[in-house]
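For reference, each letter of the sequence shown is one residue, going 6 to 306 in my numbering. Think of the CB as a built atom: it goes at the ideal place given N, C-alpha and C, for glycine as much as any other residue. Only a predicted model underlies this, so the values are computations on that prediction, with no experimental measurement involved.
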Amino acid sequence: MLAGKVVVVTGAGGGIGRDFALAMAAAGAKVVVNDIGTSVKGEGESSAPAERVVQEIRAAGGTAIASTDSVADWASANRIVQAALDAFGRIDTVVNNAGILRDRFFFNMSVEEWRAVIDVHLNGSFYVARAAAPHFKTQESGCYVHMTSTSGLVGNLGQANYSAAKLGIVGLSKSIALDMAKYHVRSNCIAPFAWSRMIGSIPAETPDQRERVEKLKTMETAKIAPLAVYLTSDAAREVSGQIFAVRANEIFLMSQSRPLRSVHRDGGWTAETIATQAMPALRAHFYALERSQDVFSWDPI
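Given below as structure tokens:
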């Protein structure tokens, strides 16, 4: 499905990103495997993870190169895109998958923990996407696949930085889809459910938490890759501005914000009439303070 295409996958040294890189290569794409080789918290650096995935691809008969530049810096992000151009002469797809976690309850979160996660997830997605944009615009084709999360789409405890970044990525993706539609460039999001190195860092101290972790362990990262390959392919030429989720063998099309209910009062509102009339009329449509596991309450299929 991807013969002749050149794909950049960030955060491709392990987990979901590795599966994306392997699946893209198996589908015929030439792949730039980008990973700086840090811990889940973004600490340390190593070229080994990216190189290992490149060797896996080559051993299977595919074509790939490694990139160890960071997505969290504008100049460095440009070098990731340039690596594709230097090695393969073009770029067709950016998969914004790189990420770190610095989980902490909002009232204890440091400015550094906030910035570190925003820099990698949100700024990094913008930097790499923006670096590729002139090439997509010139060739009048291209595709972006961005990784979002139900932590942002629905909500989660102790992840204000991650949730804000992941919901910001949804807005970024939609803006790219709108701004670049006339150049035949597409942009979509995937929210993955899968057991990976990042998910493996979530707490498992209570019986409820341990039960959730055991369910997550049944969801393989490789289950996410087919959707990414499809979205990258020409078969998805009409698909843009959408948010998908993958949970084991389930694929969801996620909702996007639209009005639920309105109230009107001739002459306008006061704070008092809002309290006595508007809010009682709207309250039935309020969203509960739910987390992902409250919304996706059934076992993975």
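Simplified DSSP assignment, three categories, for residue i
i      : result
His126 : helix
Met2   : Examination of residue 2 is not possible in this model, given that the chain is present from 6 through 306 alone.
Ile229 : coil
Ile174 : helix
Gly94  : coil
Leu27  : helix
Glu255 : strand
Asn166 : helix
Pro54  : helix
Pro285 : helix
Nearest residue (CA-CA) to residue i, options the options
i      : options                           : result
Ala286 : Arg242, Pro197, Ile256 and Arg270 : Arg270
Asn166 : Asp108, Ala230, Ala134 and Leu27  : Asp108
Leu258 : Leu232, Val12 and Ile62           : Leu232
Asn193 : Leu162, Met152, Gly160 and Asp184 : Met152
Thr143 : Pro305, Ala69 and His189          : His189
Leu294 : Lys171, Leu158 and Ser238         : Leu158
Asn254 : Gly273, Ser238 and Pro305         : Pro305
Ala32  : Gln261, Ser178 and Thr68          : Thr68
Ile21  : Val100, Asp78, Gly66 and Lys35    : Val100
Exposed unless 16 or more other CB atoms sit within 10 angstroms - verdict on residue i
i      : result
Thr281 : exposed
Thr15  : buried
Met224 : buried
Met284 : exposed
Pro212 : exposed
Val300 : exposed
Lys10  : buried
Ile229 : buried
Lys187 : exposed
Phe198 : buried
Ala82  : buried
Ala80  : exposed
Nearest-angstrom beta carbon gap, residue j and residue i [assumed within contact, 8 Å]
i      : j      : result
Phe103 : Val125 : The question names Phe, but residue 103 is Ala in the sequence shown. So it is a contact: roughly 6 Å between Cβ atoms.
His290 : Arg266 : 5 Å
Ala240 : Met6   : 7 Å
Thr73  : Asp24  : Not really, about 20 Å apart at Cβ, beyond 8 Å.
Ala55  : Ala71  : 4 Å
**Item:** Three CB pairs or more closer than 8 Å across the segment 36-45 and the segment 234-253
**Value:** With the cut-off at 8 Å, the segment 36-45 and the segment 234-253 do not touch.
**Prompt:** Touch check for the segment 143-156 and the segment 94-103: three-plus C-beta pairs under 8 Å?
**Reply:** By the criterion of at least three beta-carbon pairs nearer than 8 Å, the segment 143-156 is in contact with the segment 94-103.
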